[in-house]
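So the structure is just underneath, and the comments pick up after that.
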Amino acid sequence: MKVTVFGIGYVGLVQAATLASVGHDVMCVDVDETKVEKLKKGIIPIYEPGLTPMVQQNYEAGRLKFTVNSKSGVDHGAIQFIAVGTPPDEDGSADLQYVLAVAESIATHMTNPKIVVDKSTVPVGTAKKVSDKIAQVLAARGESIPYDVVSNPEFLKEGAAVNDCLKPDRIVVGTDSEQVKKAIRQLYGPFNRNHDRIIFMDIASAELTKYAANCMLATKISFMNEMSNLAERLGADIEAVRQGIGSDSRIGFQFIYPGCGYGGSCFPKDVQALVRTAHGVDYQPQLLEAVEAVNIRQKEKLFGYISNHFGGDVKGKTVALWGLSFKPKTDDMRQASSRVLMESLWDAGATVQAYDPEAMNEAQRIYGSNPNLRLMGTKEAALQGADVLAICTEWSQFRAPDFDYIAATLSEKVIVDGRNLYDPELLKEMGFVYYAIGRGESVKR
Numbered sequence: 001m002k003v004t005v006f007g008i009g010y011v012g013l014v015q016a017a018t019l020a021s022v023g024h025d026v027m028c029v030d031v032d033e034t035k036v037e038k039l040k041k042g043i044i045p046i047y048e049p050g051l052t053p054m055v056q057q058n059y060e061a062g063r064l065k066f067t068v069n070s071k072s073g074v075d076h077g078a079i080q081f082i083a084v085g086t087p088p089d090e091d092g093s094a095d096l097q098y099v100l101a102v103a104e105s106i107a108t109h110m111t112n113p114k115i116v117v118d119k120s121t122v123p124v125g126t127a128k129k130v131s132d133k134i135a136q137v138l139a140a141r142g143e144s145i146p147y148d149v150v151s152n153p154e155f156l157k158e159g160a161a162v163n164d165c166l167k168p169d170r171i172v173v174g175t176d177s178e179q180v181k182k183a184i185r186q187l188y189g190p191f192n193r194n195h196d197r198i199i200f201m202d203i204a205s206a207e208l209t210k211y212a213a214n215c216m217l218a219t220k221i222s223f224m225n226e227m228s229n230l231a232e233r234l235g236a237d238i239e240a241v242r243q244g245i246g247s248d249s250r251i252g253f254q255f256i257y258p259g260c261g262y263g264g265s266c267f268p269k270d271v272q273a274l275v276r277t278a279h280g281v282d283y284q285p286q287l288l289e290a291v292e293a294v295n296i297r298q299k300e301k302l303f304g305y306i307s308n309h310f311g312g313d314v315k316g317k318t319v320a321l322w323g324l325s326f327k328p329k330t331d332d333m334r335q336a337s338s339r340v341l342m343e344s345l346w347d348a349g350a351t352v353q354a355y356d357p358e359a360m361n362e363a364q365r366i367y368g369s370n371p372n373l374r375l376m377g378t379k380e381a382a383l384q385g386a387d388v389l390a391i392c393t394e395w396s397q398f399r400a401p402d403f404d405y406i407a408a409t410l411s412e413k414v415i416v417d418g419r420n421l422y423d424p425e426l427l428k429e430m431g432f433v434y435y436a437i438g439r440g441e442s443v444k445r
């Protein structure tokens, strides 16, 4: 099938590459000419396991094309994916200007029937806005060309996005057109062979499903962080509590790891957007507002541990930081807990020596030549001359470090662990002061 994808960001590029990998003829359109030229040379703008070879192989085979020419993209595909960004507006609601700009472009250039697929994460009612925009432009052209607008939200996990596309848990599609359903089944047929993963529903329900899924996961994280704060004050160990509740099959172990807060491009933005949507229909979403408030507070915990340890004065201190990305297997630092920690430390007069396996370039892009940030080549180098070690991201290479080396290198044997990677008893025996999330002893030191 001939498919066009508008937007070569995280969602668009992964979706395009996986569709091409099963034989579809895919053209990607983006306004960023530099990005397009780099992709033609095999330079991928994001880190995602398995994505680079998939893009390169399918581009070389001619199944994946890149262009800045909107007309070429509209002419190419009978199915037109909209996968552009929907950044939060000033009030937290999703900004639809890029989505509607693509809709306008499609309507401006289309000469035959199109299926327009909203892949971007968008509020309920967006499909109607897209449809209205297309109708408006076609009317201005004096044309009456059939089209359908479909909601097909993505459910990708950064760090596992390629696999999520190739082996999806579910494929949610909002449409009431039997003709569209037939085309969608053909499009996703190669990913739907083991059992039927496609769930058809009305458009509004499909749009809400995406937000509901992300907000549910964010709620589990904030709930566990709330419990961790209670555990600290009650002398309980949240890791034992996690094992106790996770073994209940109704709860399970996924997304109940306490930590220094969630980040990324999805959870913070989507919780805020659904809160604003609720306000727009005169509903007070108390639970969602609490989820966001708990997460904001949680991101301040690591600085609180460090500041309290030094009696409220960290001026002149150097903090070794392991982990910059918001989670492992990505270089994405959007809304990352590391950013809150670093910026708080800088405001208090401290210096940060940071290491991350993948996010060093992104940190350089965000913070430039900040004199209080030193990006180090290894996790060991980050320790040199530092007073304490802080951990924000649970990369596997941080899970079993040389504690003797850490003890000998830091000026103080202090570890502030935002992801509960280590055994408190072992570190206590080795003479470390170990601050972790909800481990009982952290607030008593």
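Counted the way the working numbering counts, the sequence shown spans residues 1 to 445. We put the beta carbon where it would ideally sit given N, CA and C, even for glycine.
According to DSSP, residue pairing for ALA390 in a beta bridge involves LEU321, VAL416. For ALA101, the closest of MET342, ARG63, VAL31 by C-alpha to C-alpha distance is VAL31.
Counting other Cβ atoms within 10 Å of its Cβ, SER144 stays below 16 and is therefore classed as exposed. Counted as a single uninterrupted DSSP element, the alpha helix (DSSP H) harbouring ARG297 occupies residues 286 to 298. Beyond the five residues adjoining it in sequence on each side, ARG374 comes within less than 6 Å, by CB distance, of GLN353 in the same chain, given in chain order.
Assigned with DSSP and collapsed to three states, CYS28 falls in strand.
Assignment of ASP148 by DSSP, reduced to helix, strand and coil, places it in the strand class. In the DSSP assignment, ILE251 falls outside any alpha helix (DSSP H) and carries neither an H nor an E.
Here the stretch 324 to 338 makes contact with the stretch 385 to 395; the two share three or more CB pairs at distances below 8 Å. By the Cβ test, the stretch 82 to 95 is in contact with the stretch 114 to 121, since at least three Cβ pairs between them sit closer than 8 Å. Assigned with DSSP and collapsed to three states, LYS157 falls in coil, not helix or strand. In the same chain as SER205, and ignoring 5 residues on each side of it, the C-beta atoms closer than 7 Å to its own belong to GLY174, in chain order.
By the neighbour-count criterion, in which 16 or more other beta carbons inside 10 Å mark a residue as buried, HIS24 falls on the buried side.
Under the three-state reduction of DSSP, LYS114 is assigned to strand. Here DSSP, grouped into helix, strand and coil, assigns ARG374 to strand. Note on ILE437: 16 or more other CB atoms within 10 angstroms of its CB, so buried under the neighbour-count rule. Ranked by Cα distance from ASN152, the options GLY125, LYS133, LEU166, GLU207 are led by GLU207.
Under the 10 Å beta carbon count, LEU234 is surrounded by fewer than 16 other beta carbons and is classified as exposed. When beta bridges are read from the DSSP output, GLN353 appears opposite ALA320, ARG374.
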